[in-house]
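>
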Amino acid sequence: MKVPYLPFALPTIGAEEIREVVDTLKSGWLTTGPKTAKFEADFCRYTGAAHAVALSSCTAALHLTLRALGVQSGDEVITSTLTFAATGNMIALLGARPVLADIEPKHFCLDVREIEKKITPRTKGIIAVHYAGHPCNMDEINALARQHNLFVIEDAAHAVGTRYNGKMIGGGENPTCFSFYPIKTMTTGEGGMVTTPSAALADKIRLLSLHGISKDAWKRYDKKGSWFYEIEECGYKYNMTDLQSSLGIVQLKRLEKFIKTRYAYACLYTKGFRGVNAVVPPPEQASYARHSWHLYPILIRRESNVQRDRLIEALKQRNIGTSVHFIPLHLHPYYRKTFGYKPGDFPVAEDIFQRILSLPLYPGMTSRDIQRVVSAVKESVATLSSAAS
3 MKVPYLPFAL PTIGAEEIRE VVDTLKSGWL TTGPKTAKFE ADFCRYTGAA
53 HAVALSSCTA ALHLTLRALG VQSGDEVITS TLTFAATGNM IALLGARPVL
103 ADIEPKHFCL DVREIEKKIT PRTKGIIAVH YAGHPCNMDE INALARQHNL
153 FVIEDAAHAV GTRYNGKMIG GGENPTCFSF YPIKTMTTGE GGMVTTPSAA
203 LADKIRLLSL HGISKDAWKR YDKKGSWFYE IEECGYKYNM TDLQSSLGIV
253 QLKRLEKFIK TRYAYACLYT KGFRGVNAVV PPPEQASYAR HSWHLYPILI
303 RRESNVQRDR LIEALKQRNI GTSVHFIPLH LHPYYRKTFG YKPGDFPVAE
353 DIFQRILSLP LYPGMTSRDI QRVVSAVKES VATLSSAAS
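Here the sequence shown is numbered in our numbering, starting from 3 and rising by one per residue.
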């Protein structure tokens, strides 16, 4: 009998999320309103942040934070080449240059030594990308930034629920951008959040998120509001809706349980791959970290004769979904054509990219699903190794 397809990722949505969304639908207030305000307040309590602004995506969060910090044409912002399109694209969208840097080979986060090599008089700031749920070494990055008078933004698209030195990511000294895309550790369908210790920065981001008008729709159309508004900046339409926030309110309550399950499944994976010479499981988290296990990325050993792409196809034939995080930015046509990047520029990231594979990891799985994936990887590796020898 053919086994069912196991997707790479699925959101975990239950009855409480559905009730909260239905409550919003019945309220008659669907756009940014009281549920969004509650979600922001709840997120501040969870992360320890002073301020939070809910937005339509993490991409929007990155864009508005860069804009609010004054990034403009001619500036340079340093970030990881091993990241999703949004991180680099939002720098470029403001007319600045995404200055890419290589990663450290253990947890695949930005290598501070590589950042330092990229600093020039045009450098405005750094976007530190937390990878797979493991944080960057923020003490080193922040110290380097202070030395050169640079801002730091934390791209925490993978890192909701991650801790650094005992403190939640998002509750520190830097503006931090989160993603609530469906495959993330918690979801609002689509959506993002910026946290910051700065009231002025939060106010600027909030203003830019709704066309730069002085009062948002909730305040204008609420009983206590006024029809009058002024356009103070040329802004965007990046606000989060109450429908999205309804999901977020409940998902945030369940987040610690989600992370506990992800950690348990990650441990099962790691135990299952002991003795599999072709597979390198993710390393132990650093002493400063609480990993939130957004992803479980394995590496294929160079000497194994197993090609990553063939392993993906072999697992697909066994009805198991996988993914690759990420194709480094400098290998994409836009970055090569526009900024002159080329293969060979970032050898650590390129080596990791050729060998990395993200396996399914989400609370809706069962321990039997994990064992199924482990068995499929072992069988596929053995078959591919035999074929290559």
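Beta carbons: idealized from backbone N, C-alpha and C, even for Gly.
Is the distance from the Cβ of D436 to the Cβ of A98 below 8 Å?
Outside the shown range of the chain, which is 3 to 391, sits residue 436, and nothing can be said about it.
> Starting from C179, trace the alpha helix (DSSP H) in both directions and tell me its first and last residue.
Taken as a continuous stretch (DSSP letters only), C179 belongs to no alpha helix (DSSP H), being part of the beta strand (DSSP E) at 178–181.
> What residue does the beta strand (DSSP E) around V101 start on, and which one ends it?
Segment 99–103, the beta strand (DSSP E) holding V101.
> Starting from T83 and walking both ways along the beta strand (DSSP E), at which residues does that stretch end?
Taken as a continuous stretch (DSSP letters only), T83 belongs to no beta strand (DSSP E), as it is neither H nor E.
> Please classify I233 as buried or exposed, where buried requires at least 16 neighbouring CB atoms within 10 angstroms.
By the 10 Å Cβ count, I233 comes out exposed.
> Using the C-alpha atoms, what's the distance from D244 back to P36?
Each residue's alpha carbon lies about 7 Å from the other.
> Between L57 and M195, how many whole angstroms is the CB-CB distance? I'm expecting something under 8 Å.
Contact flag correct, Cβ pair sits at about 7 Å.
> Give the secondary structure of Y231 by DSSP, where H, G and I count as helix, E and B as strand, and everything else as coil.
The answer is coil: DSSP assigns Y231 none of H, G, I, E or B.
> What do you get for K186, buried or exposed, if any count of 16 or more other CB atoms within 10 angstroms of its CB means buried?
That one is buried.
> Can you tell me where the beta strand (DSSP E) holding L359 begins and where it ends?
Where L359 is concerned, the enclosing beta strand (DSSP E) stretches over 358–361.
> Measuring alpha carbon to alpha carbon, tell me which residue in S216, F230, R208 is nearest N241.
Of the listed residues, the one whose Cα sits closest to N241 is R208.
> Using only the alpha-carbon positions, how far apart do I93 and S82 sit?
Computed Cα separation, rounded: 12 Å.
> Give a yes or no on whether the C-beta atoms belonging to F341 and P123 are separated by under 8 Å.
No, the Cβ-Cβ distance between F341 and P123 is not below 8 Å.
> Residues in its own chain within less than 6 Å of D104 by CB, not counting five upstream and five downstream?
These residues qualify, in order along the chain: D113, E116, F348, V350, A351.
> With a threshold of 7 Å on Cβ separation, who are the neighbours of K120 within its own chain once the five nearest residues in sequence on each side are excluded?
Around K120: I80, V101, A103.
> Taking the alpha helix (DSSP H) that D371 belongs to, which residues open and close that run?
Here the alpha helix (DSSP H) through D371 covers 369–390.
> What residue range is occupied by the uninterrupted beta strand (DSSP E) comprising E42?
Not the beta strand (DSSP E): E42 falls in the alpha helix (DSSP H), residues 36–49.
> Please classify K28: is it buried, with 16 or more other beta-carbons within 10 angstroms of its beta-carbon, or exposed?
Under this definition K28 is an exposed residue.
> Is D157 helix, strand or coil by DSSP?
Three-state result, D157: strand.
> Is the segment 164–180 close to the segment 46–54, with three or more CB pairs under 8 Å?
Yes, the segment 164–180 touches the segment 46–54.
> Using the three-state DSSP reduction, which class does E292 fall into: helix, strand or coil?
At residue 292 the sequence reads Arg, which differs from the Glu that was named. R292 falls in the strand class under three-state DSSP.
> Once the 5 residues before and after T26 are set aside, which same chain residues still bring their CB inside 7 Å of it?
Once the five neighbours on either side are set aside, the close Cβ partners of T26 are L32, K37, D244, L245, S248.
> Please name the residue, chosen from S388, Q373, L66, that lies closest to P214 on a Cα-to-Cα basis.
In the sequence as displayed, the identity of residue 214 is Gly instead of Pro. The shortest C-alpha separation from G214 is found at L66.
> Excluding five sequence neighbours on each side, which residues of the same chain lie with their C-beta closer than 6 Å to the C-beta of P285?
Excluding sequence neighbours, P285 sits near K108.
> Would you check if the distance between the CB atom of R320 and the CB atom of A378 is smaller than 8 Å?
For R320 and A378, yes; Cβs fall inside 8 Å.
> Assuming contact is defined by CB atoms lying nearer than 8 Å, are T89 and D157 in contact in what I supplied?
Yes.
> Classify R292: buried if its beta carbon has 16 or more other beta carbons within 10 angstroms, exposed otherwise.
With 16 or more other Cβ atoms within 10 Å, it is buried.
> Which residue or residues does DSSP assign as beta-bridge partners of A351?
Its beta-bridge partners do not exist; DSSP assigns none.
> State the start and end residues of the unbroken beta strand (DSSP E) segment that holds Y298.
Counting along the chain, the beta strand (DSSP E) containing Y298 begins and ends at 298–302.
> Give me the DSSP bridge partner(s) of Y194.
Checking the sequence shown, residue 194 turns out to be Gly, not Tyr. G194 is bridged to L57, S181.
> Could you give the DSSP three-state label for K318: helix, strand or coil?
Of the three classes helix, strand and coil, the one that applies to K318 here is helix, per DSSP.
> From K339 to L331, what distance separates their C-alpha atoms?
Cα to Cα, K339 sits roughly 12 Å from L331.
> Give the single residue among H136, F10, V24 whose Cα lies nearest to the Cα of E106.
The shortest Cα separation from E106 among H136, F10, V24 belongs to H136.
> Relative to the C-alpha of S200, which residue among P177, A43, A159, T190 is closest?
Among P177, A43, A159, T190, the Cα nearest to that of S200 is on P177.
> Please state whether DSSP places L152 in a helix, a strand or coil.
Reduced to three states, the DSSP call for L152 is coil.
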